[in-house]
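Engineer: Can you keep this structure in mind? I'll have questions shortly.
Written as structure tokens, this is what we have:
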């Protein structure tokens, strides 16, 4: 069973100990290198691994908990694109917004090599999902690329081709300054309606190529955070190939062999993709992303490729941004978020921690009181019964709504309402 699938573990929880099987004593991992930790956690399918973790919600004073997991093979289906429909109301009008989440750009190389006509790939899966959403008459589609670290360039190009007529998607410049323009050769458009591309700082590489192409074509609006800025191509060279007489392992060296450029000529390297409408973020760009690396290649540009824009969104984007700002400024959830971001940035810059237990307990109590008051504010707005001290919400009452996704849906439906302001490029 996948830990994330079972909701026993999140990507930001801290693993502090591991044990193989039910009877073995937990082994302390504090101070270990991440690669060695991963080796201990991995194991045969259907075997048991026990982890001792510090849940992220506990903060610095988190109490450790132990979880047992049954190892399983990570299937491509678990990382595959998925869709859902979000029904919302905007200015009194009902809308159905299709959401396609793409965790990575993937392809089943083995199935493709064997000639399996039903082999899985991002472009095949997304095409099928779009056809299903078309049948359900959705009003717009959101492509959610948050936390998508990239993957297959070919798949990113082919997914872009589902939304545009044939044309360039990305340019690749090699070490000899030769530029290869990678194109979508298929003139068919699978979905021609309004789209939004939702990104964050963890969207990188192939994600940035897709988002950048959609932005350049005027095919859709990019919403969220500035992306990672991974715009280079690396290759691994086995050093033993250069010294075949050596029997010992010399290892490998990774070298940069090419650089990605958008069809407007600008690189995704270092800068990433700047969204048309920005959301608040916990991430400090100067501290995370390609631009934070000391020896990262700088942003530059080359000549643009020849391409025909799908539509001109330059006039409508400021109007959409204004409407979104008015909404988020009056949304308590965004107020809470801004408050949390300020608190988070204050904590990560804090370089000292009190060893006085009373001081730390007081800080913990203040944090819990703040969260308690906030939860009751939420419940009051929703007309739910207020909680008593020490009481927790029932499972049915827990709110797992995604405020960024909801606001993106409102923005794209604003776009539908204001669509007369979008001039189709002839």
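Numbering (my numbering), first residue to last: 15 to 440.
Backbone N, C-alpha and C fix where the C-beta goes; we use that ideal spot for every residue, glycine too.
Hey, would you say residue 202 sits closer than 8 Å to residue 171, going by beta carbons?
Structural biologist: In this structure, residue 171 does not lie closer than 8 Å to residue 202 by Cβ.
Engineer: Mapping the DSSP letters down to three states, classify residue 430 as helix, strand or coil.
Structural biologist: Of the three classes helix, strand and coil, the one that applies to residue 430 here is helix, per DSSP.
Engineer: Please work out which residues of its chain come closer than 7 Å, Cβ to Cβ, to residue 43, disregarding the five sequence neighbours upstream and downstream, and give them in chain order.
Structural biologist: If we look at residue 43 and ignore the five residues flanking it on each side, its Cβ neighbours are 29, 30, 31, 32, 51.
Engineer: Just curious, the beta strand (DSSP E) that residue 248 is in, first and last residue?
Structural biologist: That run of the beta strand (DSSP E) goes 246-252.
Engineer: What does the Cβ neighbour count give for residue 290, buried or exposed, with the cut at 16 atoms within 10 Å?
Structural biologist: Its Cβ being crowded by 16 or more others within 10 Å, residue 290 is buried.
Engineer: In this structure, does DSSP put residue 213 in helix, strand or coil?
Structural biologist: The answer is strand: DSSP assigns residue 213 an E or B state.
Engineer: Does the count of Cβ pairs from the stretch 306-323 and the stretch 254-263 closer than 8 Å reach three?
Structural biologist: Touching, no.
Engineer: Compute the Euclidean distance between the alpha carbons of residue 61 and residue 39, then round it to the nearest angstrom.
Structural biologist: Looking at the two C-alpha atoms, the distance is approximately 16 Å.
Engineer: Between residue 395 and the rest of its own chain, which residues show a CB-CB distance below 8 Å, the 5 nearest in sequence each way excluded?
Structural biologist: Counting only Cβ-Cβ distances below 8 Å, and skipping sequence neighbours, we find 346.
Engineer: Three or more C-beta pairs under 8 Å: does that hold for the stretch 424-432 against the stretch 102-109?
Structural biologist: With a cut-off of 8 Å, the stretch 102-109 and the stretch 424-432 count as touching, because enough Cβ pairs lie within range.
Engineer: Under 8 Å between the Cβ atoms of residue 267 and residue 241?
Structural biologist: Cβ atoms of residue 267 and residue 241: not closer than 8 Å.
Engineer: Of all the beta strand (DSSP E) runs that stay within the bounds of the stretch 243-303, which reach a length of 3 or more residues?
Structural biologist: Here the runs fully enclosed are 246-252, 266-275.
Engineer: Cα-Cα, which of 220, 153, 249, 209 is closest to residue 236?
Structural biologist: It is 209.
Engineer: Return yes when the Cβ of residue 295 is within less than 8 Å of the Cβ of residue 239, no when it is not.
Structural biologist: Yes, these two residues count as a Cβ contact at 8 Å.
Engineer: Please say whether residue 204 and residue 234 have beta carbons closer to each other than 8 Å?
Structural biologist: Their beta carbons are not under 8 Å apart, which means residue 234 does not touch residue 204 by this criterion.
Engineer: For residue 437, which three-state DSSP category applies?
Structural biologist: A caution first: residue 437 carries a pLDDT of 45, below 50, which makes its placement in the model unreliable, though a value can still be read off. In this structure, residue 437 counts as strand in the three-state DSSP scheme.
Engineer: Tell me which same chain residues have a C-beta within less than 6 Å of the C-beta of residue 216, skipping the five on either side of it?
Structural biologist: Only 161 meet the Cβ criterion.
Engineer: What number of angstroms, rounded off, separates the C-alpha of residue 111 from the C-alpha of residue 41?
Structural biologist: Taking the straight line joining both Cα atoms gives about 48 Å.
Engineer: Does the beta-carbon of residue 258 have 16 or more other beta-carbons within 10 angstroms, so that it is buried, or is it exposed?
Structural biologist: It counts as exposed.
Engineer: Could you check the C-alpha separation between residue 195 and residue 277 for me, to the nearest Å?
Structural biologist: Cα to Cα, residue 195 sits roughly 8 Å from residue 277.
Engineer: On the CB-based measure, 16 or more other CB atoms within 10 Å of its CB, does residue 423 come out buried or exposed?
Structural biologist: So residue 423 ends up on the buried side.
Engineer: How about residue 163 and residue 219: do their beta carbons lie closer than 8 Å?
Structural biologist: A contact, by the Cβ cut-off of 8 Å.
Engineer: State the start and end residues of the unbroken alpha helix (DSSP H) segment that holds residue 125.
Structural biologist: Per DSSP, residue 125 belongs to the alpha helix (DSSP H) from 123-127.
Engineer: Relative to the C-alpha of residue 302, which candidate in 247, 286, 70, 130 has its C-alpha closest?
Structural biologist: Looking at the Cα atoms, 286 is the closest of the given residues.
Engineer: Since residue 153 and residue 115 are thought to touch, with beta carbons under 8 Å apart, how far apart are those beta carbons, to the nearest angstrom?
Structural biologist: Contact flag wrong, Cβ pair sits at about 18 Å.
Engineer: Considering Cα atoms alone, identify which of 37, 77, 68, 85 is closest to residue 57.
Structural biologist: That would be 85, whose Cα lies nearest to the Cα of residue 57.
Engineer: Reducing DSSP to helix, strand and coil, say where residue 350 ends up.
Structural biologist: Residue state, collapsed to three classes: helix.
Engineer: So is residue 223 buried or exposed if we call it buried at 16+ other beta carbons inside 10 Å?
Structural biologist: Buried, by the Cβ-count rule.
Engineer: If we ignore side chains and look at the alpha-carbon of each, how far apart do residue 438 and residue 47 end up?
Structural biologist: Its pLDDT being 48, under 50, residue 438 is placed unreliably by the model, and the measurement read from it follows with that caveat. Distance between the alpha carbons of residue 438 and residue 47: 54 Å.
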